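Comments concern the structure below.
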């Protein structure tokens, strides 16, 4: 039981003047009624004998609520009970009495159904009476009241189910596992939905429940009778709960939220329910299940059912198409109920504008959209949902606080409306006199003060809700006509297109008519075309503002033509202007990204995370998301497929940050490298586990992966392959692995390597993780794919060429056995700390650079890797200094440094300061532009052929006003770098 702020408080703790009497005439009548009760209840007589805040409060409450007065009259001991002790222990006792109502009393047999019904009704009536007084007295908040009502509903349903199961057991219909705990192991599942599921029942609420059963529980003597027997049992459940008797009723009970209620039994087999939801489940049902929880019956089976239903409720990918569907339900409510305006008299505080339902929809819709990727959003109550959305940065704290306060204020209003006569209504009275009753129950001095407060709350909610959901659709407006129906161009539409920035309006008009004619798969459904029609004005305006608008829109058309479906994308873009702007940027400048989106539209989902642009993709950031994404993967292939999906999406999102200038090139390089590290590590773990299953462990076996090249120096780009060396070691006394299909050491670790390469580079439906290059291993392509650590050390010390030691200066151990990583790190450090012949190293480096220039000349000035004074020159300076450093007294080599960091560590003290500064500027410029170019296109950059948007991005990255200025800066810096390279290497550093 939740501990509340009312713990230990009595009704006698009520403060003066929390509520006022309805009228003086009513007050006189109530005092007369209380005197009548006092004749048989000494505690009430004592209360009336003096003057106290409690006496005044009770009298005022009864004037405002005829229902409470009638309950006190019908059950004269009820008021005595209410004032006899602390409120919460009283209520806890009543809940316990309800829960045990199915059990026999001492020296009595199993209670008959009417006895159970009577016990439940008495407990519920007493709890309702005491909770209402505590609520009116402000001893309880609305949260406390809803919690206690929900606890009573849970207890009542559980008791009724236990009674029905026990009765069926005694009648020979089924066989219980434990008659002392009938529900346990029964497979009978009762889920609380809506406000019951959220522990937020209103004062006169009915309860929504759905009932399923698991035939495999095996309690039915004849499984073929299960549907009929459980259905008959549920009809009795409804009777137990809601039939009115002399003792009243427990809760009105509604079982219509089950699948297809018009044609299905009251209790449905679990398998049939799961099949329905997987194939035919609607978005409104997904929204309903956000709050679902097991409330009675076999609670463990209920939890398992909801766990299986999670993929239906919370989609793996962000689900923006659901938002319009959910909102259409709200529009239908408005249309049906006529709640188009905000008022006070006659306003429905649940379904009307600015009401409770809008706050619930505000939270639920965003839970549906993102709950699949953010488990923290999968909470039941509206307050919890608003808090979780704030933690996830989907809404700000001000929105959370204002909507939470509004929600509970409206719930208090709802409670007062229902406390008057115990009616399941949410509508405020039409008359001034009855509205005064509600105002007084809430503690307001008059209806004017109440109306001002209520209108303010309703308008705040409507404003927040409208910002999320409601957008006007304008096909013509200030910008002019945009009509794309029929076969011929609309002249005014052509003028509008030209004014928007399109050079060939007739071609653009024809393209858009193609969309609306449904010739692409993405636009074949009516709903998709409707969404696209709504989106078109904003789409054209955004594309019109880009450089070479026609080209960008035609690239979007190509993207659209390949999409399998369009409704998700159109809904997403229509609700996210920033996302539309980004899409235009991609189409106008980044064909490579456009192709990625077309091939894997789900990569766009991550764009909905509001924190995307502010969160730096550090290793910890990526690791947390990867762990969450892989958590449900079980099988080897499933792990690899999820890795491919995750890597593609995160590469895309890192690229988006780079594209929008949220991060710079060096941060992007580090992020791409962190991602590769994590993916390779996860792939290696999966491979080793698979090898162990097939071939067992190799005694003393250790494996480590060494990253080389740009992977080793944290300089990967969006299109980089990965250079790897796999090292291993094992116990010399072992001859083969321990599994059912043993392998010798060479075959075992070769197969590990081959599987790792395949895991990373094999093309699948989900794409390729990374192209793998292992040519930097000892002996290159001629050597074995896996290298034993001793052989690696021997080769590096006795056979390796200077260029191989240069490559070793960028080596970094990225994953594997910790002890082997340590051993390999020591070997690398030892080799790089050797004092070498400076003149020989210098001659070897110069010869190698000359050979590269002859065999791989640069394509143009923008080929930063190969141009004289380009990236190779800068990398060779750093690598040369790493090799001659021990002989020249330079700082010791550190693994994992980028080329820029290595130059800072070793070249700053050996170069002319101006030359060093030019080298650092060149490194920054090359990195920034290379990252952008590799992100946006495959192949080299040529300003004359590149998309116009990419040229703009390259100029922005180079901090130059135009491409001519940037080209001049590249020539200046490359000349300076070449001079510094020759000076450093020729002169031995």
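Residue numbers (this note's numbering): 456 to 1444. We put the CB at the ideal spot given by N, CA and C, even for glycine. No experiment lies behind these values; they were computed from the predicted model shown.
- Counted as a single uninterrupted DSSP element, the beta strand (DSSP E) harbouring residue 667 occupies residues 662–668.
- The Cβ atoms of residue 1432 and residue 1367 lie no closer than 8 angstroms to each other.
- Under the three-state reduction of DSSP, residue 700 is assigned to strand.
- The Cβ atoms of residue 1009 and residue 970 lie no closer than 8 angstroms to each other.
- In the DSSP assignment, residue 1214 falls within the alpha helix (DSSP H) that extends over 1200–1216.
- Secondary structure at residue 709: strand, using DSSP grouped into helix, strand and coil.
- Contact between residue 565 and residue 619 fails: their C-beta atoms lie close to 12 angstroms from each other, not under 8 angstroms.
- Assignment of residue 912 by DSSP, reduced to helix, strand and coil, places it in the helix class.
- Every alpha helix (DSSP H) of 4 residues or more that sits fully in the segment 1244–1290 is shown, in chain order, as 1244–1253, 1257–1263 and 1273–1287.
- Between residue 612 and residue 748, the CB-CB gap reaches or exceeds 8 angstroms.
- Partner residues in a beta bridge of residue 540, as assigned by DSSP, do not exist.
- Contact between residue 1269 and residue 1160 is confirmed by a C-beta separation of about 5 angstroms, below the 8 angstroms threshold.
- Excluding the 5 residues flanking it on each side, residue 895 has same chain C-beta neighbours closer than 7 angstroms at 474, 475, 477 and 519, in chain order.
- For residue 467 and residue 512, the gap between their C-alpha atoms comes out near 9 angstroms.
- Around the beta carbon of residue 1089, a 10 Å sphere encloses fewer than 16 other beta carbons of the protein chains shown; the residue is thus reported as exposed.
- Exposure of residue 726 is indicated by the presence of fewer than 16 other C-beta atoms within 10 angstroms of its C-beta.
- Counting the other Cβ atoms within 10 Å of the Cβ of residue 636 gives fewer than 16, which makes it exposed.
- Of all alpha-carbon atoms in 1390, 999, 1006 and 663, the one lying nearest the alpha-carbon of residue 709 is that of 663.
- DSSP places residue 937 in the coil class of the three-state scheme, outside both helix and strand.
- The DSSP-derived three-state label of residue 751 is strand.
- The alpha-carbon separation between residue 1078 and residue 1302 amounts to approximately 42 angstroms.
- With 16 or more other Cβ atoms inside 10 Å of its own Cβ, residue 1260 counts as buried.
- Taking the Cα of residue 863 as reference, the smallest distance to any Cα among 576, 526, 1336 and 599 is reached at 599.
- The C-beta distance from residue 757 to residue 641 rounds to 11 angstroms, too long to fall under 8 angstroms, and the pair is not in contact.
- In its chain, beyond the 5 residues on either side, 1421 and 1424 have a beta carbon closer than 8 angstroms to the beta carbon of residue 1415.
- The way I'd put it, the segment 542–555 doesn't touch the segment 893–909; fewer than three beta-carbon pairs between them come closer than 8 angstroms.
- DSSP, reduced to helix, strand and coil, places residue 1219 within a strand of the structure shown.
- The three-state secondary structure of residue 515, taken from DSSP, is helix.
- Per DSSP, the beta bridge partners of residue 1161 are 1180 and 1268.
- Burial check for residue 1190: the Cβ neighbour count within 10 Å stays below 16, so the residue is exposed.
- Bounds of any beta strand (DSSP E) do not take in residue 1368; it lies within the alpha helix (DSSP H) bounded by 1368–1391.
- Between the alpha carbons of residue 808 and residue 872 lies a distance of about 18 angstroms.
- Going by C-alpha positions, residue 623 is about 10 angstroms away from residue 617.
- Note that the C-beta distance between residue 586 and residue 546 is below 8 angstroms.
- With respect to residue 844, residue 821 sits close: the two C-beta atoms are nearer than 8 angstroms.
- In the three-state reduction of the DSSP assignment, residue 1030 falls in the helix class.
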